[in-house]
């Protein structure tokens, strides 16, 4: 019977393992290499400096085409900005508001409670400006792809200037090793020195990519640190409680032959 | 089962241990359950996006003397009245001991020409009339609540009717002479 | 049952008028339970715990969820980001669905192994299958609510199953949708039913427990309780054992909630629903995979019945067949412990369901475990075949032909013997 129980538990794990691997079915696109990220593991946390660098990359490069609609300026507190910095950042943006007393829409400087404005007024405009492809919103990008952070990193660093011999690349598309079908509408967005870092971090393509992925992982999972911290407390508590319950169970059952 | 059969020899000292263990385990379990319920209760508190909208800025430049406006703050109306000289005098002339909820006008305004109060009747939450031009202002030139007949004066203080308290004054700061932030 | 004498006057006053306290006392306190239940008997109460957890988290999620196609996805993200502890409540609910199925599947396999469906427990077994069906419907509709890509396309694919039925198929699907595709009316009715169904399940659980307490628990030997020595009162023995099991289970549950909350989900559901683009690889949640594999494995026509309809019928049959196994199993012995031949078939069946699950997760043209020449679809067909052969052929035949091991005279005897061997 103990064997039965163990088998059943092993089976439960196996089921979960199955689904995990099943989702990786990829066709002819290579599986992105697993990277080391600071937030992995039981104790992993975000690196605030890295998040701020990644935000800088998003703001100066990605934001030209990609929205970040679930993030408000006030959320930037989570990557280590203080209230005044957040106000200053928000004020750099023009936010459409209204209607005013005359019934007209107007623009005003952003406030912390505003959300990052979308670069395009609507999806049609986005498609029209980008050769028919709509640049996806990035708020949840690293959660919306299998092995998201690794994939986005691989994608950003996986461009090839020339498509391989015999590959029929359409006009306006770029060749990318990791994009399904290899033809991607986004031209290589990052390159060495794309953004100047104020903290002296070398501004390489790889570093830019790594930083922006970190930032996007934060936009997708801003609760990650709180979640893990609470998780450790909860599990420690449960271990203690379960041990006590086990001791009590042994006591209560000690005179029962079973 | 691989559980061995226990001999039931030494019972006495064990009884105490079991009692202590039962108590301790129950205590830990009850505390754990209690703490586990907190996230559910807390989820009903105002969320972060709601709190982020908890202040509003109002431009006062377009409010002429004698006029009043309503603005939304935290889902409730706030009355902003640009008081006339006569209204200010009325608010100051009344003796405090005549009031239901005694409070000097000075304590309710920051600049005497601007009266800013939460426009919710302190009786049962209706919106008193008297802000828009031409609306009934009640017997004391302030506001009149149509639900149960409470009369407020030009300082938003309750003068007659069932309401127990003066109209609430929100926290606000003047950013410039013509703009104010409520909340 | 003799009602106990209550000392507390208030308790007595209530109990004299509505014997609810006596009832609880009888069913959760003095209920005579076989003394030899293993930890495999923990999963019923665990499933009950998860049901309550799902209802509780669900009620609080609804306080912030908006069932409208233009706001559903946003409202879920608002729960994750802005609502206090919203991420925790949602992750518990999301992973709770998986936990519910883990408990219930183990509970069902335990019933199959120990013959818990055999007389006089047929009604108990039937209500259990109804609970499974209700759970599947609830889980499916719940998965639609976040209105992500998998929500939308899962809803589209599964509702389209009903179009397989001749004549009524198409009008039926239009009726289910409330339109000409999965859209806002569909989302609204799924939300309504997703909120309702858990309470239906709760009602079924009450019946399940009622039936259980009337026929008494089965046990690893499959021999009924004969003398008072065979049983012990439920409290404190099984309350503490269930609580200990709950502790272990919660550690497992919390490991997912806090450290791998999206592991059992699908990344595509973090992309808002888009009726113009189907994700390249549609997979249901893991707990539907074996059934999905059965559905897909029928790619041929029999007697002019089209493959689509056959697949749907096979999928429904794979659950409906559970209703008749009390009569398909011809063995006189309940527990597989004493059935040396059937025991092997049981494990073969367990492996078969895992293979089906694997096949359900893979594209039909992939190779099974990377084995060249062995397509997933073929392996799925073989496993589907065994699934039904197990019930329709193995159960009746092995039951008749097998020489079972001698049964212990009573639960106490078996306990004493095992105790001596240990």
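Residue numbers (the numbering used here), protein chains in the order written: chain A, 993 to 1250; chain B, 10 to 192; chain C, 26 to 447.
Note that CB positions come from ideal geometry on N, CA and C, so glycine has one too.
Interface with chain C (8 Å Cβ-Cβ cutoff): residue 28/B is excluded. Taking C-beta separations shorter than 8 Å and ignoring five residues to either side along the sequence, the partners of residue 198/C in its chain run 184, 185, 187, 188, following chain order. Distance between residue 97/B and residue 192/B, taken at the CA atoms: about 24 Å.
Using a Cβ distance threshold of 8 Å, residue 309/C and residue 143/C do not count as a contacting pair.
Relative to the Cα of residue 157/C, the nearest Cα in the group 262/C, 191/C, 194/C, 227/C belongs to 227/C. In the assembly as shown, residue 34/C is an exposed residue. Its beta-carbon has fewer than 16 other beta-carbons within 10 Å. With distances taken between CA atoms, residue 57/B lies nearest to 103/C out of 65/C, 66/C, 103/C. Buried is the label assigned to residue 265/C, since at least 16 other Cβ atoms lie within 10 Å of its Cβ. When the Cα atoms are used, residue 292/C and residue 286/C turn out to be separated by approximately 12 Å.
Taking one beta carbon from each stretch, the segment 1215–1231 of chain A and the segment 1056–1064 of chain A have fewer than 3 pairs nearer than 8 Å; the two do not touch.
Counting C-beta pairs closer than 8 Å gives fewer than three between the segment 159–166 of chain B and the segment 46–55 of chain B, which falls short of the contact rule.
Shown here for residue 1165/A: same chain residues with a beta carbon closer than 7 Å to its own, the five before and five after excluded, namely 1175, 1176, 1177 in chain order. Residue nearest to residue 116/B within the set 131/B, 176/B, 143/B, 150/B is 176/B (criterion: CA-CA distance). Under the three-state reduction of DSSP, residue 1225/A is assigned to helix.
Under the Cβ criterion of 8 Å, residue 1245/A is counted among the residues facing chain C. DSSP places residue 77/B outside any alpha helix (DSSP H); the residue lies instead in the beta strand (DSSP E), whose first and last residues are 77–82.
Counting only unbroken stretches of 4 or more residues, the alpha helix (DSSP H) elements lying wholly within the segment 91–177 of chain B are 94–102, in sequence order. Looking only at 28/B, 100/B, 64/B, the smallest Cα-Cα distance to residue 84/B is reached by 64/B. The beta carbon of residue 192/B does not come within 8 Å of any beta carbon belonging to chain A, so the residue lies off that interface. Annotation: the segment 392–425 of chain C contains the following complete segments of the alpha helix (DSSP H) (minimum length 4 residues), in chain order: 401–414. Residue-level contact by beta carbon holds for residue 1229/A and chain B, with a gap shorter than 8 Å. With respect to chain A, the C-beta atom of residue 31/B has a partner C-beta closer than 8 Å. With a cut-off of 8 Å on Cβ pairs, the segment 1146–1165 of chain A is in contact with the segment 1175–1194 of chain A, counting three or more such pairs. Non-local beta-carbon contacts of residue 1140/A in its own chain, meaning distances under 8 Å to residues more than five positions away in sequence, involve 1133, 1134, 1209, 1212 in chain order. Per the coordinates, the alpha-carbon of residue 256/C lies some 22 Å from the alpha-carbon of residue 1239/A. Against chain C, the CB of residue 1237/A has a partner CB under 8 Å away; the residue lies at that interface. For residue 183/B, the enclosing beta strand (DSSP E) covers residues 181–185. For residue 156/C, the enclosing alpha helix (DSSP H) covers residues 147–169.
Under the three-state reduction of DSSP, residue 142/C is assigned to coil, being neither helix nor strand. Taking the beta carbon of residue 1240/A as reference, the chain C residues within 7 Å of it are 265, listed in sequence order.
The contact set of residue 1214/A on chain C, defined by CB atoms closer than 7 Å, consists of 106 in chain order. Contact note: residue 1145/A does not reach chain C at a C-beta cutoff of 9 Å; the least C-beta distance is about 15 Å. Less than 8 Å divides the Cβ of residue 177/C from the Cβ of residue 207/C. Restricting attention to 381/C, 210/C, 138/C, the CA atom closest to the CA of residue 356/C is found in 138/C.
Interface annotation, residue 1249/A: in contact with chain C, CB-CB separation under 8 Å. Taking a C-beta distance under 8 Å as the contact criterion, residue 189/B and residue 67/B qualify as a contact pair.
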